[in-house]
Amino acid sequence: MIKVEEITFKYRKKTVFQDFSCAFGNGKVYGLLGKNGAGKSTLLYLMTGLLQPYKGKIVYNDANVSLRLPSVLNDLFIVPEDFMLPDIPLKRYMSINQPFYPKFSEEQLRNNLAFFELDDNLNVNLAALSLGQKKKVFLSFALATNTSLLLLDEPTNGLDIPGKSRFKKFIASNMTDERTIIISTHQVLDIEKLIEHVVIIENSTILLDASSEDVCRKLYFVNGANQVDTEKALYVSTSFQGFNALLPNNGEEETVLNLETLFNATLENPEKMNALFNFKN
38 MIKVEEITFK YRKKTVFQDF SCAFGNGKVY GLLGKNGAGK STLLYLMTGL
88 LQPYKGKIVY NDANVSLRLP SVLNDLFIVP EDFMLPDIPL KRYMSINQPF
138 YPKFSEEQLR NNLAFFELDD NLNVNLAALS LGQKKKVFLS FALATNTSLL
188 LLDEPTNGLD IPGKSRFKKF IASNMTDERT IIISTHQVLD IEKLIEHVVI
238 IENSTILLDA SSEDVCRKLY FVNGANQVDT EKALYVSTSF QGFNALLPNN
288 GEEETVLNLE TLFNATLENP EKMNALFNFK N
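Just so we're aligned, residue 38 is where the sequence shown starts under the numbering used here, counting upward by one.
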């Protein structure tokens with residue numbers, strides 16, 4: 038669906054990406070992970086054409102995103118971490134923006150608002166909403182555009198605990214085989230059960246690019262154990278419940294993905310992880 042081909046990008050003197058490439062396919066929920074400053078948000082902005090690479094290109098359905106063609110822009114949508122909604126009613130906001138998205142559905146917008154337990158009164162003034170309510174409204178509108186590509190940057194920031202729980206169900210219920218959702222976040226617990234494919238980046242390099250199914254087939258996650266065989270473990274950390282660890286899943290036993298453990302293990306042992314997944318960055 039979308040390919041990042043040998044891009045270079047920098048902010049003044051800081052180079053964020055140097056000859057960086059990656060690709061995202063159809064019909065999956067991706068988790069884009071990385072430390073602060075790794076370039077996750079920048080990559081999302083580059084994918085939408087809001088930023089332009091100094092070198093290389095980003096191709097979406099065979100079109101160069103940097104050209105910002107209407108046929109491309111009306112099929113992708115980004116919800117940034119920080120955003121502002123205008124001092125107008127939701128109905129007015131909808132009437133202004135929906136013409137840009139041919140597959141927009143007002144009925145779906147109302148259903149999305151109801152899912153978040155928000156009043157579907159479209160006359161509500163956007164500026165009068167709380168931070169959490171604004172996030173829920175913006176997410177509701179984003180999904181109602183029915184774009185094939187949806188980019189979410191820290192989507193659970195500002196949501197309360199019930200809102201985060203509903204977010205997971207909300208995204209899952211709106212997935213189709215034609216839609217791709219890329220979620221960039223530090224709040225890995227909020228998206229853990231949603232993610233179908235994990236991409237971890239660091240220093241303009243992809244450290245891991247694997248499906249959740251493949252991760253759980255090759256790795257065994259230990260959560261809160263009293264003790265761990267450190268000689269066999271690829272990674273071990275302590276928690277209030279005991280030890281969290283990552284071991285080779287030689288017997289292909291059933292296991293539950295722990296994104297935090299996977300992320301930390303990949304940063305600590307990128308060479309071992311690359312070798313395990315036969316991945317060349």
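Backbone N, C-alpha and C fix where the C-beta goes; we use that ideal spot for every residue, glycine too.
Rounded C-alpha distance that separates residue i from residue j
i, j, result
"residue 103", "residue 278", "48 Å"
"residue 45", "residue 256", "33 Å"
"residue 52", "residue 94", "16 Å"
"residue 88", "residue 238", "19 Å"
"residue 202", "residue 209", "11 Å"
"residue 164", "residue 224", "26 Å"
"residue 160", "residue 292", "47 Å"
"residue 39", "residue 84", "8 Å"
"residue 166", "residue 132", "19 Å"
"residue 187", "residue 211", "11 Å"
"residue 97", "residue 64", "14 Å"
"residue 135", "residue 173", "18 Å"
"residue 183", "residue 150", "15 Å"
"residue 197", "residue 265", "35 Å"
"residue 74", "residue 300", "15 Å"
"residue 251", "residue 127", "42 Å"
Coil, strand or helix - residue i by DSSP
i, result
"residue 207", "helix"
"residue 162", "strand"
"residue 63", "coil"
"residue 289", "coil"
"residue 302", "helix"
"residue 75", "coil"
"residue 295", "coil"
"residue 193", "coil"
"residue 80", "helix"
Span of the beta strand (DSSP E) around residue i
i, result
"residue 281", "279-285"
"residue 274", "272-276"
"residue 46", "39-48"
Alpha helix (DSSP H) segment containing residue i, residue limits
i, result
"residue 171", "168-181"
"residue 92", "Where residue 92 is concerned, there is no enclosing alpha helix (DSSP H), although the beta strand (DSSP E) it sits in stretches over 92-97."
Min CB distance residue i to chain D below 8 Å
i, result
"residue 229", "Reference to chain D is not applicable here, since this structure consists of a single protein chain."
Taking three-plus beta-carbon pairs below 8 Å as touching, is the segment 114-126 in contact with the segment 141-155?
no
Taking 8 Å as the threshold, find out whether the segment 271-288 comes into contact with the segment 211-219 through three or more Cβ pairs.
no
So does the segment 147-156 actually touch the segment 76-83, counting three or more Cβ pairs closer than 8 Å?
no
Entirely enclosed alpha helix (DSSP H) segments - the segment 195-266, minimum 4 residues
198-210, 225-228 and 249-255
Please list the segments of the alpha helix (DSSP H) lying wholly inside the segment 115-159, counting only runs of 4 or more residues, in order along the chain.
127-134 and 143-152
Taking contact to mean 3 or more Cβ pairs, one atom from each stretch, closer than 8 Å, check whether the segment 260-274 and the segment 224-236 are in contact.
A contact between stretches requires three or more CB pairs, one per stretch, nearer than 8 Å, and the segment 260-274 fails this requirement with the segment 224-236.
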